Amino acid sequence: KAGVTQTPRYLIKTRGQQVTLSCSPISGHRSVSWYQQTPGQGLQFLFEYFSETQRNKGNFPGRFSGRQFSNSRSEMNVSTLELGDSALYLCASGLGEGKQFFGPGTRLTVL
Amino acid sequence: QQPVQSPQAVILREGEDAVINCSSSKALYSVHWYRQKHGEAPVFLMILLKGGEQKGHEKISASFNEKKQQSSLYLTASQLSYSGTYFCGTEISSGTASKLTFGTGTRLQVTL
């Protein structure tokens with residue numbers, strides 16, 4: 242089975258811009274979770290989508306949003322980028338219970 | 039609230055043992071352990087459920103003390119391939135495995 246894929250792998254944006262990240266889960270997985278990883282805060286949960294519905298949400302501002310399509314692919318959008326949004330964004334797919342499979346991440350740099 | 043991992047970093051010689059602890063201030067349903075090598079995605083190691091038994095994975099095993107809300111990861115006879123950052127992820131209720139609260143990580147380096 243192919244693993245979790247994320248595109249793009251690297252992004253450079255400037256403050257105030259918006260960005261969209263994409264995640265394709267493992268075939269058959271209906272749950273996609275998004276995490277932000279920074280050296281200071283570690284891995285922090287953003288939100289989870291299951292069968293096109295947001296099922297869980299972390300403590301991030303409304304600038305962070307996402308969606309999931311009928312084929313389980315998911316996108317994450319960040320509007321009005323701030324310097325502090327620079328991070329590695331990881332998505333993880335699973336069956337909704339148990340272990341998750343992480344993608345390689347998208348490295349976002351905000352200048 | 040983020041679980042606390044200890045130690046923050048450890049350096050081992052190949053063949054030595056290590057223990058990584060993960061403590062939570064909240065009652066836990068399960069603890070998940072992941073390892074992330076530099077520049078790579080976190081990889082699942084194991085899950086420990088409340089009321090479950092100690093789990094093992096090759097020479098890596100873990101336990102879950104429900105009274106203390108603490109999990110420990112045991113690495114025995116460490117190998118170079120064990121190097122990486124270990125994260126515990128906690129789940130406070132059933133059905134939230136996809137919404138883990140991760141600890142800050144323990145950086146493990148195994149040397150010759």
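In order, the protein sequences belong to chains E and B. The first sequence lines up with residues 242 to 352 when you count with our numbering. The second sequence lines up with residues 39 to 150 when you count with our numbering. Don't be surprised by glycine CBs; every beta carbon is placed ideally from N, CA and C. Remember, it's a predicted structure, so these values are computed and weren't measured experimentally.
Exposure label - residue i; buried when at least 16 CB within 10 Å
i	result
residue 49 of chain B	exposed
residue 118 of chain B	exposed
residue 73 of chain B	buried
residue 132 of chain B	exposed
residue 326 of chain E	buried
residue 124 of chain B	buried
residue 313 of chain E	buried
residue 76 of chain B	exposed
Check whether residue i and residue j have beta carbons under 9 Å apart
i	j	result
residue 121 of chain B	residue 148 of chain B	yes
residue 139 of chain B	residue 301 of chain E	no
residue 352 of chain E	residue 330 of chain E	no
residue 60 of chain B	residue 41 of chain B	yes
residue 272 of chain E	residue 291 of chain E	yes
residue 68 of chain B	residue 88 of chain B	yes
residue 333 of chain E	residue 245 of chain E	yes
residue 146 of chain B	residue 79 of chain B	no
Reference residue i, options the options, closest by Cα
i	options	result
residue 295 of chain E	E/262, E/250, E/281 and E/337	E/337
residue 316 of chain E	E/298, E/304, E/265 and E/279	E/265
residue 99 of chain B	B/113, B/47, B/65 and B/53	B/113
residue 262 of chain E	E/243, E/253 and E/284	E/253
residue 258 of chain E	E/277, E/276, E/322 and E/309	E/322
residue 234 of chain E	E/341, E/318 and E/304	With chain E running from 242 to 352 in the structure shown, residue 234 of chain E is simply not present.
Boundaries of the beta strand (DSSP E) in which residue i is found, first to last residue
i	result
residue 260 of chain E	260 to 265
residue 336 of chain E	Residue 336 of chain E -> no beta strand (DSSP E), and no H or E assigned at all.
residue 129 of chain B	122 to 129
residue 59 of chain B	56 to 61
residue 286 of chain E	283 to 291
Checklist entry - What residues from the stretch 78 to 110 of chain B come within 8 Å of chain E, judged by C-beta to C-beta, listed N to C? => result Within the stretch 78 to 110 of chain B, the qualifying residues are 78, 79, 80, 81, 82 and 85.
Checklist entry - For the stretch 313 to 345 of chain E, which residues have a CB atom closer than 8 Å to at least one CB atom of chain B, in sequence order? => result Residues passing the 8 Å Cβ filter: 331, 333, 335, 337, 338, 339, 340, 341, 342, 343, 344 and 345.
Item to check | Where the stretch 286 to 317 of chain E meets chain B: residues whose CB sits under 7 Å from a CB there | outcome: Against chain B - using a Cβ distance shorter than 7 Å - the residues of the stretch 286 to 317 of chain E are 286, 289 and 297.
Item to check | Contact set between the stretch 271 to 285 of chain E and chain B, restricted to residues whose Cβ is under 7 Å from the partner | outcome: Going along the stretch 271 to 285 of chain E in chain order, one finds 272, 274, 283 and 284 with a Cβ nearer than 7 Å to chain B.
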